[in-house]
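Have a look at the structure below before the remarks.
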Amino acid sequence: GQTGKFTVTVSAPAYKGYEEHLLNATVTGILVKTAQIANTTVISKNPFTLKNYISLIIHEISREEANSTLGEAEKAIEEMQQAGFQAKKSLKLLEEAKEKLSSRRYQLAKDASDQIKDIRDNAFLADSLIQGIKSEIKEAEGRGLQAEETKRLLNLALAAFEREDFLTSIERTKDAQLSIIIETKGK
Numbered sequence: 001g002q003t004g005k006f007t008v009t010v011s012a013p014a015y016k017g018y019e020e021h022l023l024n025a026t027v028t029g030i031l032v033k034t035a036q037i038a039n040t041t042v043i044s045k046n047p048f049t050l051k052n053y054i055s056l057i058i059h060e061i062s063r064e065e066a067n068s069t070l071g072e073a074e075k076a077i078e079e080m081q082q083a084g085f086q087a088k089k090s091l092k093l094l095e096e097a098k099e100k101l102s103s104r105r106y107q108l109a110k111d112a113s114d115q116i117k118d119i120r121d122n123a124f125l126a127d128s129l130i131q132g133i134k135s136e137i138k139e140a141e142g143r144g145l146q147a148e149e150t151k152r153l154l155n156l157a158l159a160a161f162e163r164e165d166f167l168t169s170i171e172r173t174k175d176a177q178l179s180i181i182i183e184t185k186g187k
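Under our numbering, the first residue of the sequence shown is numbered 1, with each subsequent residue one higher.
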């Protein structure tokens, strides 16, 4: 008997997003058998049809790229934890990213991982701004100046930081930076 192999190449345009397709592969042919019965060669020909269904999944990015960003996200969470920052939201996002990766939704896994890295960046920026405004308040108080509004804004920034709302913490700290200027200008 003869056997044959064939390869089918399917390509999708680069702009395609995630899509799933069910392909129906139908192979038809004639199965030819030869047999020797008593001094006679008997040839039989039987038609056949083979149907297979193939799942075609188009991904925006590769599994390797999604895995790589997941590793970066894990490192970002470690950095936050080592700095003593809350990371509950980031850990939850990491679990979602892993779930997306296992369900072969690579772009969604990468998006969640990128979001974790953004959270880390915002956390460190917020912390830096908070430390700066604390120093400015201490300096103002050392000169005998009151900075009550700045302290209030700093407390709002700290509260936002503790609940892992780092963007709001950054905003409140920037408000405090403006406030300290107003409260200490020319004094």
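Glycine included, each C-beta is placed from N, C-alpha and C at the ideal position.
Given the structure is predicted, the values throughout are model-derived calculations rather than measurements.
Task: Classification of GLU141 by the beta-carbon crowding that lies within 10 angstroms, buried from 16 upward - done: So GLU141 ends up on the exposed side.
Task: Contact test: VAL42 Cβ vs the ligand MG heavy atom, cutoff 8 angstroms - done: This structure does not include the ligand MG; it has no bound ligands of any sort.
- [ ] Return the Cβ separation of LYS100 and LEU93 in integer angstroms, given the expectation that the two are a contact with Cβ distance under 8 angstroms.
- [x] LYS100 to LEU93, Cβ: 10 angstroms. No contact.
Open item on the list: Suppose you measure from the CA of LEU125 to the CA of GLY71; what does that come to, to the nearest Å?
Closed with: Those two C-alpha atoms are separated by around 22 angstroms.
Task: Inter-residue Cα distance where the pair is GLN81 and LYS75 - done: Pairing GLN81 with LYS75, the inter-Cα distance amounts to about 10 angstroms.
- [ ] Taking LEU56 as part of the beta strand (DSSP E), name the residues at either end of that continuous run.
- [x] Taken as a continuous stretch (DSSP letters only), the beta strand (DSSP E) holding LEU56 covers 40-58.
TODO: Closer than 8 angstroms by C-beta to ARG63: which residues in its own chain qualify, once you throw out the five before and the five after it? Chain order, please.
DONE: Excluding positions up to five away in sequence, the list reads LEU101, ARG104, TYR106.
- [ ] Using only alpha-carbon positions, find the residue among SER179, VAL27, ILE181, LEU154 that is nearest to THR168.
- [x] Measuring from the Cα of THR168, the nearest candidate turns out to be LEU154.
Open item on the list: Quick check: the Cα distance between SER11 and THR26, rounded to an integer number of angstroms?
Closed with: So the two alpha carbons sit approximately 20 angstroms from each other.
- [ ] Decide if ILE181 is buried, meaning its Cβ has at least 16 other Cβ atoms within 10 Å, or exposed.
- [x] Within a 10 Å sphere around the beta-carbon of ILE181 sit fewer than 16 other beta-carbons, which makes this residue exposed.
- [ ] Verify whether the separation of the beta carbon atoms of LEU259 and ILE119 is less than 9 angstroms.
- [x] Since the first residue of the chain shown is 1 and the last is 187, residue 259 is not available in this structure.
TODO: Name, in chain order, the residues that DSSP records as bridge partners for GLU20.
DONE: Here GLU20 is bridged, per DSSP, to ILE57.
Task: Exposure of PHE161, with buried meaning 16 or more beta-carbon neighbours within 10 Å - done: Buried, by the Cβ-count rule.
Task: Reduced DSSP secondary structure (H/G/I, E/B, other) of GLY29 - done: If DSSP states are grouped into helix, strand and coil, GLY29 belongs with the strands.
Open item on the list: Do GLU139 and THR150 count as a contact pair if the criterion is CB distance below 9 angstroms?
Closed with: No; because the gap between Cβ atoms is not below 9 angstroms, this pair is not in contact.
TODO: Could you work out which residue in TYR15, LEU178, GLU164, THR173 is closest to ILE61 when comparing CA atoms only?
DONE: Looking at the Cα atoms, TYR15 is the closest of the given residues.
Open item on the list: Within 10 Å of its beta-carbon, does ALA147 have 16 or more other beta-carbons around it, so buried, or fewer, so exposed?
Closed with: With 16 or more other Cβ atoms within 10 Å, it is buried.
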